[in-house]
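Student:
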């Protein structure tokens, strides 16, 4: 008798650990992570990470792809949900079960997405926060929302991501604008109008974090911010820095502060959808 699709998925369950479930959820939420991302967040030994990812791929829970480097060699493996991974997450969240074709199309579109580098840059920012929290018991990444979830919940804005970062009893909310150098800085600054509109209609006064590719772009952005005299709280740092350290330069300031030290009106802040489960990020 042919094995049903549901029984095929059930047969995989004994092989799925709690760490695997967390990884599947991360990929469901954020689409793609590299081997390095996964190793830093979830494993101690890189070899153990590589072996486990291979096992999950063999089970059909994960798929991977990578690209050739111009000078020879290859870029790191990029991991995303495989067909059984899509099925597992659909069952966990009561979504319609995807077809093999739908799963394959999702993977193909992701791998060919011209914004893939931007997505990986955004995810790298949050991975750094998660890794810091893993090593420091007082720190927590309480919320990590993708661009899709942030847009769905706040509607007015189209941030690359949104997070809640806590150290001891202090929590800072923020919106992230991850810069890869492909967009004019004037267009980045123009996005602040939407954040101002969100505040005017009663939304949270979270700082907008511009995470930039280099010091020169950061200096140029601050000149634009001074000329525009924006009313939204803004802070900048570069990709070369640890975002948990005193690397954030608020608009109009001369000294840098830690992420947890940025002003953030989190007390009354809730997203537009009260039914969303934050799903605290716990490693």
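Numbering (my numbering), first residue to last: 78 to 360. We treat Cβ as the ideally placed atom computed from N, Cα and C, and that holds for glycine.
1. Which class does residue 194 belong to by DSSP, given the choice of helix, strand or coil?
2. Determine the direct distance from the alpha carbon of residue 312 to that of residue 340, and round the result to whole angstroms.
3. Going by DSSP, name the residue or residues bridged to residue 248.
4. Based on Cα-Cα distance, which residue from 309, 320, 317, 299 lies nearest to residue 331?
5. DSSP on residue 158, reduced to helix/strand/coil?
6. With a 10 Å radius around its C-beta and 16 neighbouring C-beta atoms as the bar for buried, classify residue 144 as buried or exposed.
7. Where residue 297 and residue 303 are concerned, what is the direct C-alpha to C-alpha distance, given to the nearest angstrom?
8. According to the neighbour-count rule (16 or more other Cβ atoms, all chains shown, within 10 Å of its Cβ), is residue 321 buried or exposed?
9. Just to confirm my understanding: we take residue 305, look at its own chain, exclude 5 residues before and 5 after, and list those with CB closer than 7 Å. What are they?
10. Cα separation between residue 218 and residue 176?
11. Assign residue 256 to one of two classes, buried (16 or more other C-beta atoms within 10 Å of its C-beta) or exposed (fewer than that).
12. Quick check: the region 238-258 against the region 140-159, are there 3 or more CB pairs under 8 Å?
13. Using a Cβ-Cβ cutoff of less than 6 Å, which residues in the same chain neighbour residue 245 once the five nearest sequence positions on both sides are dropped?
14. Relative to the C-alpha of residue 361, which candidate in 294, 186, 280 has its C-alpha closest?
15. Give me whichever residues DSSP pairs with residue 342 in a beta bridge.
16. In three-state DSSP terms, what is residue 151?
17. From 205, 211, 116, pick the residue whose C-alpha is nearest to that of residue 154; which is it?
18. Taking just the CA atoms, how far does residue 226 sit from residue 356?
19. Give me the Cα-Cα distance between residue 195 and residue 259, rounded to the nearest whole angstrom.
20. From the DSSP output, which residues share a beta bridge with residue 140?
21. Distance, Cα to Cα, residue 208 vs residue 85?
22. Which one of 307, 316, 232 has the shortest CA to CA distance from residue 327?
23. Assuming residue 228 contacts residue 271 (C-beta within less than 8 Å), just tell me the rounded distance between them.
24. For residue 142, collect the residues of the same chain with a Cβ closer than 6 Å to its Cβ; drop the 5 residues on either side in sequence, then sort them by chain order.
25. Beta-carbon within less than 6 Å of residue 122's beta-carbon, same chain only, minus the 5 sequence neighbours each way: which residues are those?
26. Look at the alpha carbon of residue 83 and the alpha carbon of residue 134, and state the distance between them as a whole number of angstroms.
27. Could you give the first and the last residue of the continuous beta strand (DSSP E) run that contains residue 218?
Tutor: If we stick to the structure as given:
1. helix
2. When rounded, the distance between both Cα atoms is 10 Å.
3. Answer is 243, bridged to residue 248.
4. 299
5. strand
6. exposed
7. Approximately 10 Å between the Cα atoms of the pair.
8. buried
9. 266
10. 34 Å
11. buried
12. Contact between the region 238-258 and the region 140-159 is absent, with fewer than three C-beta pairs closer than 8 Å.
13. 215
14. In this structure the chain extends from 78 to 360, so residue 361 is not present and cannot be described.
15. In DSSP, residue 342 forms a bridge with 282.
16. strand
17. Nearest option by C-alpha distance: 116.
18. Interpretation of residue 356 is limited by its pLDDT of 44, a score under 50 that renders its predicted location unreliable; no figure is taken from the coordinates.
19. Cα to Cα, the separation comes out at about 9 Å.
20. 157
21. 34 Å
22. 307
23. Not a contact, Cβ separation roughly 11 Å.
24. 155, 188
25. none
26. In this prediction, residue 83 scores a pLDDT of 49, lower than 50, which makes its location untrustworthy; no coordinate-derived value is stated.
27. Per DSSP, residue 218 belongs to the beta strand (DSSP E) from 216-222.
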